[in-house]
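Notes to accompany the following structure.
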Amino acid sequence: MNHRTKRKIGVCAILLAGAFVLLQTVRAQQQPQAPVVAAPTAKVQLPTHPPAPGDGKSLVVQLCDGETSLTVAGMKPGDRLSPAQAQQVSDELMAQWLAKTDPETAAAWVREEKTARKAAAAPQKPAAAKAGATQTEQPNDFSDRDFSTWKREVEREVTYGNQIFHDDKLLGSTNGVSCAMCHPNAANTHPETYPKFQIQLRRVALLRDMINWCIENPSRGKKLDADDPKMRALEAYIMAQRKGVAMEYGKH
Amino acid sequence: MIPLKWGKRRETYLTEREQWLKELMDSGQTWQGRRKFLQMAALAAGAAAVKEFVPHSFQLVEVVQAAEPAAAAERPFTFAYISDSHLYEKTLNERFVRQLIRAVNDINALDPQPDFVLYGGDLAQLGQPGELNLGAEILKEIKAPVKMMVGEHDWFLDMGDLWKAKFGPPYYSFDHKGIHFVTLMSVNEKDFWTSKGLTPMQRMQIVSGLDDGRQSAFEVGEEEREWLARDLAKVPKTTPLVVFSHSPLYKLYRNWNFWTDDAEEIQALLRPFKTVTVIHGHTHQVLTNRIGNIHFHGMLSTAWPWPYAPQGLPKLTVQMNRPDPFNQTEGMGDGTITVNPSGHVDKEYLMWNRNPLKVSEKYLDSNGNLDRPAKTTLPGY
Amino acid sequence: MKHSSVKITLPNQGKRRSQLFLLALVAGLAGWLTISGTPPRHSVQAAEGYQIQIPKGLPADVWAELIPKDNPMSAAKVALGEKLYFDKRLSVDRTVSCATCHDPATALADSNAVGVGISNKKGARNSPTVLNSMFNELQFWDGRAPSLEEQAKLPLINPIEMGMKDHGAVVARVQEAAEYKAMFKAAFGSEAVTIDTIAKAIAAFERTQLSGDAPFDRFIAGDTNAISEAAKRGWDLFNGQARCISCHAWNPSQPFFSDFKFHNIGVAAKDQNFSKLARRAQQLMVQGKDKTQVTDELALAEGFSELGRYLVTGQPRDIGTFKTSMLRDIELTAPYMHNGSEKTLLDVIKFYDKGGEVNPNLDGGMRPLKLTDPQMNDLVEFLKTLTSDATRRRVETTKAQTRQPAP
Chain A
2 MNHRTKRKIG
12 VCAILLAGAF
22 VLLQTVRAQQ
32 QPQAPVVAAP
42 TAKVQLPTHP
52 PAPGDGKSLV
62 VQLCDGETSL
72 TVAGMKPGDR
82 LSPAQAQQVS
92 DELMAQWLAK
102 TDPETAAAWV
112 REEKTARKAA
122 AAPQKPAAAK
132 AGATQTEQPN
142 DFSDRDFSTW
152 KREVEREVTY
162 GNQIFHDDKL
172 LGSTNGVSCA
182 MCHPNAANTH
192 PETYPKFQIQ
202 LRRVALLRDM
212 INWCIENPSR
222 GKKLDADDPK
232 MRALEAYIMA
242 QRKGVAMEYG
252 KH
Chain B
512 MIPLKWGKRR
522 ETYLTEREQW
532 LKELMDSGQT
542 WQGRRKFLQM
552 AALAAGAAAV
562 KEFVPHSFQL
572 VEVVQAAEPA
582 AAAERPFTFA
592 YISDSHLYEK
602 TLNERFVRQL
612 IRAVNDINAL
622 DPQPDFVLYG
632 GDLAQLGQPG
642 ELNLGAEILK
652 EIKAPVKMMV
662 GEHDWFLDMG
672 DLWKAKFGPP
682 YYSFDHKGIH
692 FVTLMSVNEK
702 DFWTSKGLTP
712 MQRMQIVSGL
722 DDGRQSAFEV
732 GEEEREWLAR
742 DLAKVPKTTP
752 LVVFSHSPLY
762 KLYRNWNFWT
772 DDAEEIQALL
782 RPFKTVTVIH
792 GHTHQVLTNR
802 IGNIHFHGML
812 STAWPWPYAP
822 QGLPKLTVQM
832 NRPDPFNQTE
842 GMGDGTITVN
852 PSGHVDKEYL
862 MWNRNPLKVS
872 EKYLDSNGNL
882 DRPAKTTLPG
892 Y
Chain C
518 MKHSSVKITL
528 PNQGKRRSQL
538 FLLALVAGLA
548 GWLTISGTPP
558 RHSVQAAEGY
568 QIQIPKGLPA
578 DVWAELIPKD
588 NPMSAAKVAL
598 GEKLYFDKRL
608 SVDRTVSCAT
618 CHDPATALAD
628 SNAVGVGISN
638 KKGARNSPTV
648 LNSMFNELQF
658 WDGRAPSLEE
668 QAKLPLINPI
678 EMGMKDHGAV
688 VARVQEAAEY
698 KAMFKAAFGS
708 EAVTIDTIAK
718 AIAAFERTQL
728 SGDAPFDRFI
738 AGDTNAISEA
748 AKRGWDLFNG
758 QARCISCHAW
768 NPSQPFFSDF
778 KFHNIGVAAK
788 DQNFSKLARR
798 AQQLMVQGKD
808 KTQVTDELAL
818 AEGFSELGRY
828 LVTGQPRDIG
838 TFKTSMLRDI
848 ELTAPYMHNG
858 SEKTLLDVIK
868 FYDKGGEVNP
878 NLDGGMRPLK
888 LTDPQMNDLV
898 EFLKTLTSDA
908 TRRRVETTKA
918 QTRQPAP
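Protein sequence lines correspond, in order, to chains A, B and C.
Going by my numbering, the first residue of the first sequence is number 2, and it counts up by one from there.
Going by my numbering, the first residue of the second sequence is number 512, and it counts up by one from there.
Going by my numbering, the first residue of the third sequence is number 518, and it counts up by one from there.
Shown next as structure tokens:
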């Protein structure tokens with residue numbers, strides 16, 4: 002596996018055990034060594050980050066760079082932000098981060114936001130079967146009705162994912178933080194780079210591991226089973242936003 | 512099913528069919544099903560319906576006939592094939608057993624019957640006695656004479672000892688109705704196991720992995736090429752040749768051994784002949800190629816279809832529609848080969864749950880301009 | 518880790534906040550409306566202001582999509598279609614209507630193994646239910662009619678069903694009945710009767726014959742108590758070991774438990790000659806004789822009707838295949854299979870359990886299932902949850918059709 006040493010950023014939501022949103026920028030300079038042992042089957046205790054200092058009386062929200070945070074006046078730790086408040090806090094944190102980070106990294110972030118894809122989940126339609134196919138083509142079983150059903154069903158899944166992605170309550174967030182606040186249009190979720198060694202997790206992560214990470218940490222919800230309908234829908238929505246992007250597992 | 516004729520009352524028929532299959536499946540480590548089966552079959556269908564299976568019996572008869580002047584007037588004639596059954600020990604995989612039986616039933620029901628039936632190799636999955644014996648047991652029920660060819664799955668456990676003991680030499684030739692037929696053993700591999708200290712089973716398992724890069728490339732090998740040169744030296748260049756090989760005698764895709772390493776040398780031996788057809792197994796799919804005067808046709812498997820190779824697919828190949836994995840027999844089957852007066856053949860793929868697909872001599876002769884096989888309508892993945 | 522912290526104050530009633538709230542609300546609503554695929558209301562407005570209640574569990578949007586552009590729904594047309602559907606005068610001896618074999622008293626199906634037409638003549642196929650039939654991709658067991666309109670035309674002139682000489686004779690019968698004049702005028706804007714308007718009216722009526730809101734639909738909607746534990750085990754088996762879902766497909770867009778495809782499961786192979794028959798037919802096809810002619814010859818020959826869809830397409834792959842039947846209200850529509858050869862649901866499950874009947878064109882999805890007796894019972898319990906409450910009530914309260922000749 003060739004790894005370009007060019008600096009790349011991965012913006013990852015990271016755990017914070019308190020009432021904090023945490024966003025952290027990681028610069029990967031070297032290809033991490035893939036573990037030579039089989040993936041552990043037992044559940045691993047994941048690393049935590051120390052909470053940002055606060056006065057203990059106000060709600061502190063922290064970006065995943067582990068450095069940027071802000072105190073929300075008039076709200077106590079454990080208070081739930083409304084969607085609009087959470088969005089505002091999120092915007093404010095990102096603005097602070099963009100202002101102080103190096104121009105190249107900031108530009109990369111903005112670029113990725115801009116290229117976020119719109120949902121385009123229609124399955125590629127194979128050559129339609131013609132009624133009474135002649136001997137000149139091999140008959141297959143699929144009709145226009147099938148294509149429309151497939152499209153309808155896959156869009157249903159993506160739409161449900163879209164809804165969860167944008168709705169903190171459906172997600173099970175306890176602090177009002179939804180996925181879309183940091184990832185509008187699922188920007189910077191880069192599902193095409195999984196599986197990859199996730200430095201913050203110290204192990205190989207799948208997209209669903211990162212979804213759960215975000216649910217447990219910035220959103221302070223309960224993580225979802227791999228086959229939970231909500232997990233399936235979230236994966237569907239995120240992947241749908243990246244239609245046409247080349248698969249690049251292991252990329253940092 | 513095999514042992515019984517249609518016409519019995521349904522319940523009796525069903526009971527006996529299931530009982531026969533159960534015997535086939537349940538008989539112990541030592542193979543005893545045969546005798547019981549014979550008794551039952553004799554009971555049900557009359558002793559005359561059961562014939563002993565003599566390896567290459569047809570071949571020996573035909574060698575004598577070869578001395579007689581063969582006429583193109585005896586053509587067209589048809590032979591059938593069954594290939595790549597990959598039988599496991601009977602207790603391990605009932606499905607592959609049922610599918611081979613289905614193919615035998617298909618061929619036995621052909622009317623008129625084919626002149627003979629080619630078995631295209633890979634009868635066994637891991638070359639084990641239980642697998643080869645089981646296969647022989649089922650192939651005994653083919654009504655037409657059977658021509659056996661060996662595949663790598665039959666060979667690399669004991670380097671062909673059991674297969675040869677059961678079915679005879681792995682390469683041979685014979686003449687039939689003016690055609691010179693050659694069966695090759697094309698799946699020899701250069702020794703990759705001794706230096707690694709592999710056990711026979713380890714060697715077999717490596718070879719049985721299509722994408723296992725630890726094995727060597729298939730080849731006919733020098734000794735057999737010399738035999739082939741001597742064999743062909745006796746044959747007039749105007750006599751049409753039909754060559755059977757397990758691997759395709761051209762280079763398609765090395766990673767899966769859709770390949771014969773000394774293909775060029777073999778092709779050079781065949782090129783002086785006016786009309787040559789190569790029928791091969793191993794690829795488990797509809798596969799068509801032409802190199803000069805040589806027409807190539809793949810055979811279907813009774814066990815599973817392979818996907819098309821990601822590169823190197825011959826231009827003349829019209830792909831069979833991608834099989835449905837939820838249909839356990841789709842993309843599989845057997846087939847017939849009609850040898851035309853010219854000596855070239857029309858190849859008919861008899862695919863289960865699908866329409867038959869014909870790849871004609873005319874299509875190949877016209878370089879794909881005429882009589883194009885039914886168009887593929889699903890994208891391959 | 519070094520922290521830098523900034524303190525902000527969130528405005529309590531700021532303009533920006535309320536804007537954001539409104540935005541979120543709109544986005545949320547839009548999400549809700551599109552999420553379910555079917556809008557949360559179940560009353561659908563079709564063309565000409567026609568209103569229909571779509572039962573819970575059926576896809577209202579698909580229903581609307583499947584109304585043909587050249588045959589929009591209207592109350593007048595449905596009323597006309599209903600009258601024609603029950604009118605025995607449409608058969609040669611005035612004893613058989615559509616409803617004779619598709620009787621509301623038997624869930625718009627028939628309790629006979631095969632359809633029985635005029636003068637007790639027996640057909641070869643079991644009468645399927647008209648309920649939800651508008652969702653079929655193709656009509657008849659072998660799919661030989663592309664629409665309900667085309668389907669409706671054929672039994673009228675089939676010699677063993679309704680026995681009319683030709684469509685002209687059918688039109689004449691309808692013209693004789695004075696009460697139809699106004700109804701045709703209301704439905705089609707003209708008193709003129711044609712076979713096409715007759716078929717359109719009957720089809721429009723059939724498109725109102727829907728069945729849903731079964732216990733299973735309430736279970737899927739989230740009511741975990743709507744079906745028994747045995748039925749839940751049955752639903753798991755249906756999706757798993759029993760492999761039913763492979764063909765009896767269920768999804769919210771097509772919640773009818775059918776893939777609307779054609780499969781050979783070997784029902785016809787119970788006749789021992791089937792194998793020979795199929796091979797004979799296959800040879801005829803392979804030999805390249807004129808397809809239509811061969812199909813015609815075979816369709817008239819006894820036994821060949823068992824070749825199923827093959828008679829329609831002439832494609833070897835279709836030998837012995839029949840359409841996957843829908844499973845809603847299946848408890849009410851015994852007997853089963855295309856020829857009514859299985860009497861009970863348990864019989865059907867036993868047939869599948871042994872892997873169907875081996876024959877040269879047996880579908881590759883068929884294999885022995887190794888179900889236990891309790892598992893088979895669980896499957897039956899599950900199938901019973903597909904019965905619509907309304908349809909069950911309708912069956913219980915409707916008198917069976919009679920064969921008393923109409924005046």
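We treat Cβ as the ideally placed atom computed from N, Cα and C, and that holds for glycine.
- Excluding its 5 nearest sequence neighbours in each direction, residue 638 of chain B has C-beta neighbours in its own chain below 8 angstroms: 664, 665, 666, 667, 668, 669, 673, 674 and 715, listed in chain order.
- The bridge partners DSSP lists for residue 753 of chain B are B:692 and B:788.
- In the DSSP annotation of this structure, the continuous segment of the beta strand (DSSP E) that includes residue 592 of chain B starts and ends at 588-593.
- Under the criterion of beta carbons closer than 8 angstroms, residue 832 of chain C and residue 880 of chain B do not qualify as touching, at roughly 26 angstroms.
- Excluding residues up to 5 positions away in sequence, 725, 726 and 727 lie with their Cβ nearer than 7 angstroms to the Cβ of residue 703 of chain B in the same chain.
- Put simply, the CB of residue 666 of chain C is far from chain A, with every gap to its CB atoms at 9 angstroms or more.
- Burial state of residue 248 of chain A is exposed, judged by a 10 Å Cβ sphere holding fewer than 16 other Cβ atoms.
- In this structure, DSSP gives residue 731 of chain C a state outside helix and strand, which the three-state scheme calls coil.
- Using a CB distance cut-off of 9 angstroms, residue 607 of chain B does not count as an interface residue toward chain C.
- For residue 199 of chain A, the secondary structure class from DSSP, reduced to helix, strand or coil, is strand.
- Residue 919 of chain C counts as exposed, since fewer than 16 other beta carbons sit within 10 angstroms of its beta carbon.
- Distance between residue 864 of chain B and residue 148 of chain A, taken at the CA atoms: about 22 angstroms.
- Within the region 675-729 of chain B, the complete beta strand (DSSP E) segments of 3 residues or longer fall at 683-687 and 690-694, listed in chain order.
- Cβ-Cβ separation between residue 855 of chain C and residue 839 of chain C: approximately 4 angstroms, consistent with a contact (criterion under 8 angstroms).
- Going by DSSP, residue 234 of chain A is part of the alpha helix (DSSP H) stretching over 230-242.
- With fewer than 16 other beta carbons inside 10 angstroms of its own, residue 885 of chain C counts as exposed.
- The alpha-carbon of residue 802 of chain B is positioned some 36 angstroms away from that of residue 608 of chain B.
- Counting the other CB atoms within 10 Å of its CB gives residue 837 of chain B a total below 16, which places it among the exposed residues.
- By DSSP's assignment, residue 801 of chain B forms a beta bridge with B:806.
- For residue 191 of chain A and residue 198 of chain A, the gap between their C-alpha atoms comes out near 14 angstroms.
- Residue 858 of chain B has B:848 and B:870 as its beta-bridge partners, per DSSP.
- For residue 825 of chain C, the beta-bridge partners assigned by DSSP are C:838.
- Along the region 622-676 of chain B, the beta strand (DSSP E) occurs as fully enclosed runs of 3 or more residues at 628-630 and 657-659, listed in sequence order.
- Shown here, residue 62 of chain A sits in a strand according to DSSP, grouped into three states.
- For residue 809 of chain B against residue 798 of chain B, the beta-carbon gap comes to about 3 angstroms, under 8 angstroms, which counts as contact.
- Within chain B, 838 and 864 have C-beta atoms less than 7 angstroms from the C-beta of residue 880 of chain C, given in sequence order.
- Listed as beta-bridge partners of residue 780 of chain C by DSSP are C:839.
- Using a Cβ-Cβ cut-off of 9 angstroms, residue 219 of chain A does not count as an interface residue toward chain C, since no Cβ of chain C sits closer than that to its own.
- A distance below 8 angstroms between beta-carbons, with the five flanking residues on each side excluded, links residue 858 of chain C to the following residues of its chain, in chain order: 630, 784, 787 and 852.
- Around the Cβ of residue 631 of chain B, a 10 Å sphere holds 16 or more other Cβ atoms; the residue is buried.
- Closer than 7 angstroms at the C-beta level to chain A, one finds these residues of the region 760-786 of chain C: 768, 769, 770, 771 and 778.
- Under the DSSP assignment, residue 832 of chain C falls outside any alpha helix (DSSP H); it carries neither an H nor an E label.
- Counting C-beta pairs with one atom in each stretch, the region 759-768 of chain B and the region 685-693 of chain B have fewer than three that are closer than 8 angstroms, which means they do not touch.
- Residue environment for residue 145 of chain A: exposed (fewer than 16 other C-beta atoms within 10 angstroms of its C-beta).
- Contact of residue 832 of chain B with chain A is assigned, a C-beta pair being separated by under 9 angstroms.
- In the three-state DSSP reduction, residue 74 of chain A falls in the strand class (E or B).
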